Amino acid sequence: MNTKFNGQINGLARRLGPGLITGAADDDPSGIATYSQIGSQFRFGLVWTLLLTTPLMIGIQMLSARIGWVTGEGLAANIAKMCPRWLTLLLVGLLVVANTINIAADIGAMGEGVRLLAGGHPAFYVLGFGVLSIVCQVSFSYERTVRVLKWLTFGLFAYVAVILSVSVPWRQVAIEALTPWRFIPPGTSRNDYASMVVAVLGTPTSASLFFWQASQEVEDNARRPEAAALREHPEYAAEHLSRIKQDTSFGMVFSNVIALCIVISTAVTLNMHGITNIQTSSQAAEALRPVAGEFAFAIFALGIIGTGLLAVPVLAGSAAYAVSEAFGWKAGLSRGFHEARGFYVIIIAATLIGTLVSTLDVDPIKALVWSAIVNGVISVPIMVVMMWIGQSKALMGQLTISPRHRFFGWAATAVMGVAVAGLFITSFMAT
């Protein structure tokens, strides 16, 4: 019995890879700040948004994974075949800018997390994390990088530990999640509510994750003895597309379960003690200390550090994959520095610039707002092009996406489009 169970666990672990890492990377320190603000300000009233985004996240991330595996090329390489060169370079350039800003915010949050636990000046920790991230990404083999990133996903269980350490009124959670219009906090403007809905809809749907997962599928494919684009060997389709579906579904559900833990734990601690204005993940950890105790505070802070260690390589790596594919450079974590010099230069530059920016006197909230705007601007057109690619027989061969997959893909694109439009409208109304 034990042997059979262990075999099932090992089998699942082998099938989980790019989808799991992508989902976990979505809950980075910036995302933690968003979910903490949702819980502290709206209690359980926006839980419905997490339930809504889960199937949409699965649909669009499965598409990015499918594109990588079926075509044998990353997302930027496929976009270049569907779009004018100037548009491809514009989208890739904006992705690099957004990712670099996010790296700065995440590394800054990691430095603050260590400061909360150990004291000292966060700038020293920030520089240390930046150097550590660069060294690991450049020197580790692909297999070792994937293994480390998989282990780092366990850091997200810190937020499961937090929710287990507090008392949760689950009946009230269900009531507010199912009838949210009855529980909008008094004095909340339509603009504030709309802004938060936009934030939670936009947080899980990040362009960097599309590029990362597609390229990781390409690298995984290249490691197989019979390595070839799946469109050239459709007889293997059932097995590999099943693995992609399982991996991606698990990763996205895992991501939103952790987000749910953060929202609920901050709601039952911070909101119920009158703390309703949280703007950074480190503020959330600090605010937890007097109301939830040292354990919840320490675990929350450790979670920030762990998620940052996972997210920074994904952000830098996705930027490097996109630039390299757009210019036709050799790319991949499975290649050495001398074999893919341009790829690694982008990783180093994005991480280094992000690290240096986070040591400057830059408003982290404004930085994240701009990052969200840039991400939103590029995510919608990229999702539209992804849908075109998924339906293109020239690129996908016999393995174009099914009508059901088209429905969820276009639904995710429409929701993201509404979220971006809402972001601009609420930003305009606030000025």
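Position one of the sequence shown corresponds to residue 4 (my numbering), numbered consecutively onward. The beta-carbon is built from N, C-alpha and C at its ideal position, and this holds for glycine as well. Bear in mind the structure is a predicted one, so any value in this text is a computation, not a measurement.
Among Asn194, Ala108, Ala79 and Thr269, the one whose alpha carbon lies nearest that of valine 365: Relative to the Cα of valine 365, the nearest Cα in the group Asn194, Ala108, Ala79 and Thr269 belongs to Ala108.
For asparagine 274, three-class secondary structure by DSSP: Of the three classes helix, strand and coil, the one that applies to asparagine 274 here is helix, per DSSP.
Closest by C-alpha distance to proline 125, when choosing among Ser285, Leu181, Asp30 and Ile265: The candidate whose alpha carbon is nearest that of proline 125 is Ser285.
Contact between the segment 76 to 83 and the segment 215 to 222 (3+ Cβ pairs under 8 Å): The answer is yes - the segment 215 to 222 touches the segment 76 to 83, with three or more Cβ pairs under 8 Å.
For alanine 397 and phenylalanine 160, the rounded distance between their alpha carbons: If you draw a straight line from the Cα of phenylalanine 160 to the Cα of alanine 397, it is about 43 Å long.
Buried versus exposed, by CB contacts within 10 Å (16 or more), alanine 36: By the 10 Å Cβ count, alanine 36 comes out buried.
Simplified DSSP assignment, three categories, for histidine 243: Helix.
Limits of the unbroken alpha helix (DSSP H) element including glutamate 238: No alpha helix (DSSP H) holds glutamate 238; DSSP gives it neither H nor E.
Where valine 341 sits in the DSSP three-state scheme: Valine is not the amino acid found at residue 341; the sequence shown has histidine there. Histidine 341 falls in the coil class under three-state DSSP.
Rounded C-alpha distance that separates glycine 190 from methionine 275: Rounded to the nearest angstrom, the two C-alpha atoms are 17 Å apart.
Reduced DSSP category for threonine 358 - H, G, I as helix; E, B as strand; rest coil: Here threonine 358 sits in helix by DSSP.
Alpha-carbon to alpha-carbon, asparagine 259 and phenylalanine 8: Unreliable placement is indicated for phenylalanine 8, whose pLDDT of 45 sits below 50; no coordinate value is reported for it.
Cβ pair count under 8 Å reaching 3, the segment 36 to 52 against the segment 263 to 275: Cβ pair count under 8 Å is three or more, so yes.
Residue environment, alanine 322, which counts as buried when at least 16 other CB atoms sit within 10 Å: Alanine 322 comes out buried.
Spatial neighbours of valine 448 in its chain, beta-carbon cut-off 7 Å, leaving aside the 5 residues before and after: Residue 448 lies beyond the residue range present for the chain, which begins at 4 and ends at 434; the question has no answer from this structure.
Among Ile428, Ile307 and Pro237, the one whose alpha carbon lies nearest that of phenylalanine 158: Before going on, a small fix: residue 158 reads as glycine here, not phenylalanine. The shortest C-alpha separation from glycine 158 is found at Ile307.
C-alpha distance - phenylalanine 127 paired with glycine 114, whole-angstrom precision: The straight-line gap from Cα to Cα measures roughly 8 Å.
Inter-stretch contact at 8 Å, needing at least 3 Cβ pairs: the segment 164 to 172 / the segment 291 to 301: Remark: three or more beta-carbon pairs, one from each stretch, lie closer than 8 Å, so the segment 164 to 172 and the segment 291 to 301 are flagged as touching.
Residue ranges of each alpha helix (DSSP H) within the segment 153 to 178, 4 or longer: Runs of the alpha helix (DSSP H) inside the segment 153 to 178: 160 to 167.
Straight-line gap, methionine 4 to glycine 331 (C-alpha atoms, nearest Å): Only weak support exists for where methionine 4 lies, its pLDDT of 48 falling under 50; the coordinates are left without a value.
Alpha carbon of glycine 412 to alpha carbon of isoleucine 63, nearest angstrom: Looking at the two C-alpha atoms, the distance is approximately 5 Å.
Simplified DSSP assignment, three categories, for tryptophan 184: Helix at tryptophan 184.
Own chain residues within Cβ distance below 8 Å of alanine 353, not counting five before or after: Its chain contains Val99, Asn102, Thr103, Ile106, Leu318, Ala319, Ala322 and Ala323 as the residues whose beta carbon lies nearer than 8 Å to that of alanine 353, once the 5 sequence neighbours on both sides are disregarded; these appear in chain order.
Local Cβ density within 10 Å of alanine 290, reported as buried at 16 or more and exposed below that: With 16 or more Cβ atoms within 10 Å of its Cβ, alanine 290 is classed as buried.
Cβ distance (whole Å) where alanine 27 is taken to contact glycine 357 below 8 Å: Not really, about 19 Å apart at Cβ, beyond 8 Å.
Isoleucine 61, DSSP secondary structure in three states: In the structure shown, isoleucine 61 falls within a helical segment according to DSSP collapsed to helix, strand and coil.
Cβ pair alanine 288, alanine 314 closer than 7 Å: Cβ atoms of alanine 288 and alanine 314: not closer than 7 Å.
Buried/exposed call for tryptophan 184, threshold 16 Cβ in 10 Å: By the neighbour-count definition (other C-beta atoms within 10 Å, threshold 16), tryptophan 184 is an exposed residue.
Straight-line gap, isoleucine 82 to isoleucine 302 (C-alpha atoms, nearest Å): Rounded to whole angstroms, isoleucine 82 to isoleucine 302 spans 41 Å at the Cα level.
Proximity below 7 Å, CB of methionine 419 to CB of threonine 91: In this structure, the beta-carbon distance from methionine 419 to threonine 91 does not fall below 7 Å.
Counted within 10 angstroms of its Cβ, other Cβ atoms place valine 435 as buried (16 or more) or exposed: The requested residue 435 is not part of the displayed model; the chain covers only 4 to 434.
Residues near serine 337 by beta carbon distance below 6 Å, same chain, minus five either side: The beta carbon of serine 337 is closer than 6 Å to those of Tyr145 and Glu222 in its chain, skipping five residues each way along the sequence.
Reduced DSSP category for glutamine 401 - H, G, I as helix; E, B as strand; rest coil: Shown here, glutamine 401 sits in coil according to DSSP, grouped into three states, outside any helix or strand.
Top-ranked residue by Cα proximity to valine 2, from Gly345, Val360, Leu355 and Ala422: Outside the shown range of the chain, which is 4 to 434, sits residue 2, and nothing can be said about it.
CB-CB length for alanine 240 against leucine 19, believed under 8 Å: About 20 Å separates the beta carbon of alanine 240 from that of leucine 19, a gap too long to meet the 8 Å contact definition.
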